[in-house]
Every structure is written in C-alpha cells, then in structure tokens.
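Asker: Residue numbers (my numbering), protein chains in the order written: chain Y, 1 to 366; chain W, 1001 to 1366. Virtual Cβ for every residue (Gly too), placed ideally from N, Cα, C.
1. What are the residues in the stretch 1238–1257 of chain W lying within 8 Å of chain Y by C-beta distance?
2. Which two residues bound the contiguous beta strand (DSSP E) that contains residue 166 of chain Y?
3. How long is the line joining the alpha carbons of residue 1051 of chain W and residue 1030 of chain W, rounded to whole angstroms?
4. Taking the straight line between their C-alpha atoms, what separation do you get for residue 1233 of chain W and residue 1178 of chain W?
5. Less than 7 Å between CB atoms is the rule here; does residue 12 of chain Y satisfy it with respect to chain W?
6. Kindly give me the distance between the Cβ atoms of residue 182 of chain Y and residue 1259 of chain W, rounded to whole angstroms, as I take these residues to be in contact under 8 Å.
7. Is residue 1029 of chain W helix, strand or coil when you go by DSSP?
8. At what residues does the alpha helix (DSSP H) containing residue 200 of chain Y begin and finish?
9. Note down, in chain order, all residues in the stretch 291–316 of chain Y with a beta-carbon under 9 Å from any beta-carbon belonging to chain W.
10. For residue 149 of chain Y, count neighbouring Cβ atoms within 10 angstroms of its own Cβ and tell me buried if that reaches 16, exposed if not.
11. Can you find at least 3 beta carbon pairs, one from the stretch 1051–1068 of chain W and one from the stretch 1202–1216 of chain W, that sit closer than 8 Å?
12. In the structure shown, what three-state DSSP assignment does residue 1218 of chain W receive?
13. Take the Cβ of residue 1131 of chain W as the centre, count every other Cβ of all protein chains shown within 10 Å, and call the residue buried at 16 or more, exposed below.
14. Taking 7 Å as the CB-CB cut-off, is residue 182 of chain Y touching chain W?
15. So, using beta-carbon positions, are residue 1247 of chain W and residue 247 of chain Y closer together than 7 Å?
16. At the 7 Å Cβ level, is residue 1229 of chain W part of the contact set with chain Y, yes or no?
17. Starting from residue 1229 of chain W and walking both ways along the alpha helix (DSSP H), at which residues does that stretch end?
18. I want to know whether the stretch 1303–1318 of chain W touches the stretch 295–310 of chain Y - three or more CB-CB distances under 8 Å.
19. With H, G and I counted as helix, E and B as strand and the rest as coil, what does DSSP make of residue 1135 of chain W?
20. Which one of W/1295, W/1331, W/1322 has the shortest CA to CA distance from residue 1351 of chain W?
21. Are the C-beta atoms of residue 366 of chain Y and some chain W residue less than 7 Å apart?
22. Counting C-beta neighbours from all protein chains within 10 Å, is the total for residue 230 of chain Y 16 or more, i.e. buried, or is it exposed?
23. Report yes or no: do three or more beta-carbon pairs, one from the stretch 1085–1100 of chain W and one from the stretch 1111–1119 of chain W, lie closer than 8 Å?
24. Suppose the cutoff is 8 Å on Cβ atoms and the five residues either side in sequence are ignored; what does the same chain contact list for residue 268 of chain Y look like?
25. How would you write the range of the beta strand (DSSP E) that residue 1116 of chain W sits in, first residue to last?
26. Whole angstroms are fine: how far does the CA of residue 152 of chain Y sit from the CA of residue 143 of chain Y?
27. Tell me which residues share the same chain as residue 1140 of chain W and place their Cβ nearer than 6 Å to its Cβ, disregarding the 5 neighbours each side in the sequence.
28. With a threshold of 7 Å on Cβ separation, who are the neighbours of residue 75 of chain Y within its own chain once the five nearest residues in sequence on each side are excluded?
29. Under the criterion of a Cβ to heavy atom distance below 6 Å, does residue 159 of chain Y qualify as lining the ligand HEM?
30. Can you say whether residue 1342 of chain W is buried or exposed, counting buried as having 16 or more other CB atoms within 10 angstroms of its CB?
31. Can you find the residues in the same chain that come closer than 7 Å, C-beta to C-beta, to residue 1297 of chain W, ignoring five residues on each side of it along the sequence?
32. Output, in sequence order along the chain, the residues in the stretch 1203–1223 of chain W whose CB is closer than 9 Å to any CB in chain Y.
33. Could you tell me the alpha carbon to alpha carbon distance between residue 1003 of chain W and residue 1034 of chain W, rounded to whole angstroms?
34. Could you work out which residues of chain W lie near residue 268 of chain Y, taking near to mean beta carbons separated by less than 8 Å?
35. At the level of alpha carbons, what is the spacing between residue 344 of chain Y and residue 155 of chain Y?
36. Label residue 1291 of chain W either buried or exposed according to how many other C-beta atoms from any shown protein chain fall within 10 Å of its C-beta, with 16 as the threshold for buried.
The following block contains the structure:
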C-alpha cells in the first residue's frame, strides 16, 4: 500500500529533498511547514511541498507519515509537536544525525520511529534540495521493542521509494557507529588542521607546504558550525569514548616509534591496508584489480572532456576520478581509476597518443 | 651554464623520472647505476639513462651532478659511495623524504646538498617513471653554511629545469615540516582506519557503514610499507613530537565536550574553516568564490565525458573534480568545482538539460 499523504516539518535541504523525492515516487499529497516562511515559500515554489501550512498542526493533521527535518537542536520540540498534532494512525519520523538522546526523550514509542539519511551534503535551504539527494544513500531507521510491524513497513517502504537503502539499528548503536565513522573523522580533521595551522617551522607555513595527504585528511574541516556544534554536543559521550581510544592508539604508535619497532610498524601498516580494502569493497567489485592512471593536466577548459571522451569512446569505464588541483599556473594531477591492467594499458596508450605523460600503478597496494 | 653530464644512482620511479625529465630539459648525457640490473635495463630501455654503468664509480666518475635516488634505507651508503667516486668539482644530491639524519651523517658538507621532491606518487620502478612527475611539485633543497653559491645555483637551476619549484629549507626544519604536513596525516590515517576496523557495533561493521569523511581521511592508509616504515623510523623524533601535540589537542577537545562548551567548539570550527581556506589559497585564486556542482551519476562508460564535454564546450573551467564512487549498482556522486556563481548556474542548467538532478552550493562555507 503506497503512501498517499505525507507531511514535512522543516523544509530546508533535507526536508525539501524528501518532498521532491516523495512526489517523484508517487506520493499524492505533500503538506509542509517551516518556522522560516521564506524556506517554506521556496520549497513550495520548487514543488517540494504542494500545500504549505501555517502551523505544524495544520501541516500534519491529515498525514499518514510525518517527517521532522528541522535542525538537530529543534528536533525534540518538532517531534513532540508533530506527535501531539498527528492522528493516532499517523507515524512520525525524523532525519537527525544523532539518535540516542532524541529516541530516549520521546514518550510515544509506538508512533515515533527515528531515522537518519546519510547523504553528506553540506548545503542548506530548499534551493539546494534535490529528488536525487538520497539515491543510493544509507538511511538508518531505529525501530524499538514497541514498534509495530505495519508502521515500520510503511516507513521502510517510503525510504526505499526515495532511492535510499533503509538499515535498521539500535539508537545507541547508531550514535556509536556515527562517532567512529563520521564524528571522529570530522573532529580529527579540525584538530589536525588547527595543529598544522598554528605553527611556523623556521619561517615556513605548514599550510603553504601541505601535500595531498593533509588536504585529503582535512576535506571536512570547518564544516558548517550551525550543524556540527549540535552534533558534537548531542553525541558527546560516544565521541569522547572514541577520542579516548584514539589517544590510546596514538600512544601505542609513539611507543613503537620510541623502541624503533619495525615489525610493529609493518603489521600496523599491513592491517591498515587490509582495512582500506574492506572499506573500498563496499564501493568496488574488485578493488585489488583497480589501476590508477595518473596524468598531469593544464588548467584550462576542455582538457577533462578530451580525456574522458577518449576513454568513453573506447568503452573504458572510469571507476573513480579525481583532479588534484595544484594552481592556475601549474595545472593539476588527474587520477583516473579503471578496472584491470588491460583497461589501464589501453587508457595509457590513448592518453599518450594525446601527448600526455602517463603513470600507471595499482590503485591499492598489497 | 646548463648541465651537461648527470649521473643517477638508483633508477627506480624517482631516478628514472629525473633522467627522463633531465633529457627533456636538454642535459646531454645521463649515466645511471642501480643495484638491481633489471631496474637499470628498464630505465635505459625507456631512455631515462643513456649510459647504464656497472658500478657507482663508473656511473659518477665524469658527472657534474649526481642524484642519489635509492630507497631511504640505502641513501646513506649511496651518498657516501657517490661522494667517494665523484670528482672534486661534482655536486651530489639525493631525493629522500627525510633530511636531518642523512645531512648530519654526510661529512662533505661542501659537495653534498640534500634534496626532496614532493611528488606523492606511490608507484615503484622505472616503468612508472615520467618526465612529468615533477611538474609543479615542490622540491626541497637543504643548503647549509658550507654550501657554495655556485653549486647551489647549479642544483637549483637543474631542479627548476625539471619543472619543479625549488625551495630552500634547513634539514631539521624540513623534517619537522614533513612530520606535520605528511607523516602525521599518514600515521593518523592508519590509526583511524585500524580503530574503525577493529570493532563491531551491535553487529554493524563500521567500515561497511563509512561515509565520505572516513574514506577521504584514510585515503593514504596502508601506504607502501617498503617506503613508510623507513620514513616513520627515520623521522621518529619529529613524528613523536607531533603525535604528542596531537594528543594534547584531543584532550582539549574532550574537555570542551565534557563541559559542553559550545563557544569553544564554535571558535575551534571557525579556526579550522579559516585554516582550510589558507590551505586552499595555494591551489585556487579565490577559494571563497568556488561553487560545488553535485550530480548523481550512473556507473557506465561515457557518462563523465558527456558531462565534462558539455562544460568544456561552454568554456566552463573545471577547477576540481571528484567522483565519489558508491557502488556498481548505485553509481556515484560527482562533484565539480567551478569558479563563481554565474559559471555554477550555467553548469547546472547544462546538466539539468541533460536530465541530471543538480545541487549547487558554495565549495567552502564561511
């Protein structure tokens, strides 16, 4: 049985995208409310909401499913208001990045089921919304003992209809998992960058001399404080536990360096290599076969299209693709990942024929 | 006065690339030696060396400049042998990733000047060598009090002729700088990945649930142990100092979380945002104006060329470009960075006309 009437409370990036994706999936009627009238008007204009409402009550009163998509700090009130206004038959969910505190605070454990789409966009507001935002994304759901199968089935089916992959998890386990896979990396990006940025070495600025490893590692540094202060504080307990374990592991490395224990370092690097392959096994059929084709390219329009076009014409599938920008004067380094040595050799031949100098190497070393 | 006679000791990736780039730059004669006859034969076959020699002595005896490009562990012996065999007029340099211990170990502080090209390729062997390897790369040089201007000028000019950007630095400062900008990030990538890979959370594998932040942060995890064990051990002192300071900064964050200090977190994130912009200021003229154009793309040949070609035809310059691969079934997310909102809008219109759903946002938030 498909969903007919959806309500969205909070029509920013995520809320508007839920609306757009829901309408594409065939939901008949999407009502919406946002405390910011401009956000709501934008969302309506873009077609994310077909009935903008003047209050939470008006938005949710006839809905079968209510998605609360306010900022993390306003979720508790938003969920409470939605539960108070919705019918007994309605199910309420949210899209917050942390789950334990919110789920523990909600008294109605039958009608509320927590949720968290992992879509990783830092943009804000309904103008950035997209029906594609959830395509292929993991969408955590946190059913509990009281959850009724029929309500869970409705929510699971709805999330899948948006293109996401629903994954059930305990609320506390969710926050522990997020601490390890997202909140710790975000925190470390800030720590590492502020460390490198706070010193000068013999007149040299570390940030001016930084290579690709520091740049990759700090890609998420300085991420939107309006979102991240709330996430860090809301998940402070799990994040502190992860930071403590991180420090313990750093001390272990320091001891290995102090005793010049090459065997320990070899095992440690080997373990990291294995973990990297496991991480990538999610994304690639056979990470071990991937080859990196590296080309130095000038900084001008059309260069990338020439290269990708040549590979596309030869039916060489690009598995991954990264341009590491050096500077306007010096151009950048282009890494193209392709499957198998034969494809890599063909790619290199094609690009060398275009006058590029090409370096081929295994993408993930054993 | 251009260099006429160059000798290369160690014709692996770096050595062979030095040979190829030197010949392209007009060096008349390149002799070479490698302890592995196969490496040497390959390098000669590719034209990186025009006179393969049977010993270090034979390789360097007539050279004006000797580049020692052996693995880090063999550098000390390589430099000593080269200095012993070369003429008084010859200058000897190396390409090792650490400088303090090597420079301190060399007695002849007039004829030896240390060097380190930062080219970040993990590939090995002369087959991967490329005349382009150093294009735009920083190449550290470590002149000391005894260095003669004429020798430094020769080395500086040679490095610049390969396309690199020579940068003079004290050997100890070099290693401290590398600890912060490269060795610490590499070590943390291993620590973070082994941490996430060592636990299961309520049955869930963190590595299977990892988002983009963990993947970006651990891109260099498990990097070639043949290279990295030597680097970590050779720079153990500076790396341990950096790790200690890193732990101190983690404890500071733990305290802020414990006292729920939102003001501290806001300042800390703001500082990281500023540092991120400083880091990127090296690469982009105006990082603040950059816009991210995000598109969800299927996993099949020709998709990237269609997109890049459309942008190239409209003279929209792609400043940066990353395909975040999700899976063969679900495709991936393509991020294209372009300069300015007008260009981003044109790019979005073009891609929407091709049927893609597009999200535009500022690349680096204030």
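Answerer: Checking against the coordinates, here is how it stands:
1. Of all residues in the stretch 1238–1257 of chain W, 1239, 1240, 1242, 1243, 1244, 1245, 1246, 1247, 1249, 1250, 1251, 1253, 1254, 1257 have a Cβ within less than 8 Å of some Cβ in chain Y.
2. Position 166 of the first chain, counted from the first residue, corresponds to residue 166 of chain Y. Start and end: 165–168.
3. The residue given as residue 1051 of chain W occupies position 51 in the second chain. The residue given as residue 1030 of chain W occupies position 30 in the second chain. Annotation: residue 1051 of chain W to residue 1030 of chain W spans about 6 Å, alpha carbon to alpha carbon.
4. Here the question's residue 1233 of chain W lines up with position 233 in the second chain. Here the question's residue 1178 of chain W lines up with position 178 in the second chain. Residue 1233 of chain W and residue 1178 of chain W have their alpha carbons spaced roughly 13 Å apart.
5. For the purposes of this step, residue 12 of chain Y is taken as the residue at position 12 of the first chain. Chain W contact via Cβ: absent.
6. Start at 1 with the first residue of the first chain, and residue 182 of chain Y comes out as number 182. Start at 1 with the first residue of the second chain, and residue 1259 of chain W comes out as number 259. The Cβ separation is near 23 Å, so there is no contact.
7. As a position in the second chain, residue 1029 of chain W is number 29, starting the count at 1. The answer is strand: DSSP assigns residue 1029 of chain W an E or B state.
8. The sequence position of residue 200 of chain Y within the first chain is 200, counting from 1. Per DSSP, residue 200 of chain Y lies in no alpha helix (DSSP H) segment and is marked neither H nor E.
9. Shown in chain order are the members of the stretch 291–316 of chain Y whose Cβ falls below 9 Å from a Cβ of chain W: 292, 294, 295, 296, 299, 300, 301, 302, 303, 304, 305, 306, 307, 308, 309, 310, 311, 312, 313, 314, 315, 316.
10. As a first step, residue 149 of chain Y is located in the first chain; it is residue number 149 there, counting from the start. Residue environment: residue 149 of chain Y is assigned as exposed (fewer than 16 neighbouring CB atoms within 10 Å of its CB, all protein chains considered).
11. No contact exists between the stretch 1051–1068 of chain W and the stretch 1202–1216 of chain W.
12. For this step, residue 1218 of chain W is matched to residue 218 along the second chain. It is coil, neither helix nor strand.
13. On the second chain, position 131 is the one that residue 1131 of chain W refers to. Buried, because 16 or more other Cβ atoms sit within 10 Å of the Cβ of residue 1131 of chain W.
14. The count along the first chain starts at 1 and reaches residue 182 of chain Y at position 182. Answer yes: the Cβ-Cβ gap between residue 182 of chain Y and chain W drops below 7 Å somewhere.
15. As a position in the second chain, residue 1247 of chain W is number 247, starting the count at 1. As a position in the first chain, residue 247 of chain Y is number 247, starting the count at 1. Cβ distance < 7 Å, so residue 1247 of chain W and residue 247 of chain Y count as in contact.
16. Mapped onto the second chain, residue 1229 of chain W falls at position 229. Chain Y, which has a Cβ nearer than 7 Å to the Cβ of residue 1229 of chain W, makes this yes.
17. Translated into positions along the second chain, residue 1229 of chain W becomes position 229. Taken as a continuous stretch (DSSP letters only), the alpha helix (DSSP H) holding residue 1229 of chain W covers 1225–1234.
18. Between the stretch 1303–1318 of chain W and the stretch 295–310 of chain Y there are three or more C-beta pairs closer than 8 Å, enough to call the two in contact.
19. Start at 1 with the first residue of the second chain, and residue 1135 of chain W comes out as number 135. Correct three-state label for residue 1135 of chain W: coil.
20. Taking the second chain and counting its residues from 1, the one referred to as residue 1351 of chain W is at position 351. Among W/1295, W/1331, W/1322, the Cα nearest to that of residue 1351 of chain W is on W/1295.
21. To locate residue 366 of chain Y, count along the first chain from 1; it is residue 366. Because residue 366 of chain Y sits at a pLDDT of 46, beneath the cut-off of 50, its placement in the model cannot be relied upon, and the following sentence gives the value as read from the coordinates. Chain W places no beta carbon closer than 7 Å to that of residue 366 of chain Y, leaving this residue out of the contacts.
22. Counting from one through the first chain, the residue named residue 230 of chain Y turns up at place 230. So residue 230 of chain Y counts as buried.
23. Result yes; three or more Cβ-Cβ pairs closer than 8 Å.
24. As a working mapping, residue 268 of chain Y is identified with position 268 in the first chain. Cβ within range, chain order: 253, 256.
25. For this step, residue 1116 of chain W is matched to residue 116 along the second chain. Residue 1116 of chain W: member of the beta strand (DSSP E) spanning 1114–1117, first to last residue.
26. Numbered from 1 along the first chain, position 143 holds the residue referred to as residue 143 of chain Y. Numbered from 1 along the first chain, position 152 holds the residue referred to as residue 152 of chain Y. Approximately 7 Å between the Cα atoms of the pair.
27. Along the second chain, one-based indexing puts residue 1140 of chain W at 140. Counting only Cβ-Cβ distances below 6 Å, and skipping sequence neighbours, we find 1116, 1167, 1169, 1174.
28. Along the first chain, read from residue 1 onward, the residue named residue 75 of chain Y stands at position 75. Cβ within range, chain order: 68, 94, 96, 102.
29. Absence of the ligand HEM from the depicted structure is noted, as is the absence of any ligand whatsoever, leaving it without description.
30. The sequence position of residue 1342 of chain W within the second chain is 342, counting from 1. Exposed, by the Cβ-count rule.
31. Residue mapping note: residue 1297 of chain W aligns to position 297 of the second chain, counting from 1. Same-chain partners within the cutoff: 1303, 1331, 1332, 1334.
32. Result list: 1203, 1204, 1205, 1206, 1207, 1208, 1209, 1210, 1211, 1212, 1213, 1214, 1215, 1216, 1217, 1218, 1219, 1220, 1221, 1222, 1223.
33. Here residue 1003 of chain W is taken as the residue at index 3 of the second chain, counted from 1. Here residue 1034 of chain W is taken as the residue at index 34 of the second chain, counted from 1. Taking the Cα positions, residue 1003 of chain W is about 22 Å away from residue 1034 of chain W.
34. Against the first chain, residue 268 of chain Y aligns to sequence position 268. Against residue 268 of chain Y, the close residues of chain W are 1190, 1194, in the order they occur along the chain (beta-carbon pairs closer than 8 Å).
35. On the first chain, residue 344 of chain Y is found 344 positions in, with the first residue counted as 1. On the first chain, residue 155 of chain Y is found 155 positions in, with the first residue counted as 1. Annotation: residue 344 of chain Y to residue 155 of chain Y spans about 44 Å, alpha carbon to alpha carbon.
36. Within the second chain, the letter at position 291 stands for residue 1291 of chain W. By the Cβ neighbour-count rule, residue 1291 of chain W is buried, with 16 or more other Cβ atoms within 10 Å of its own.
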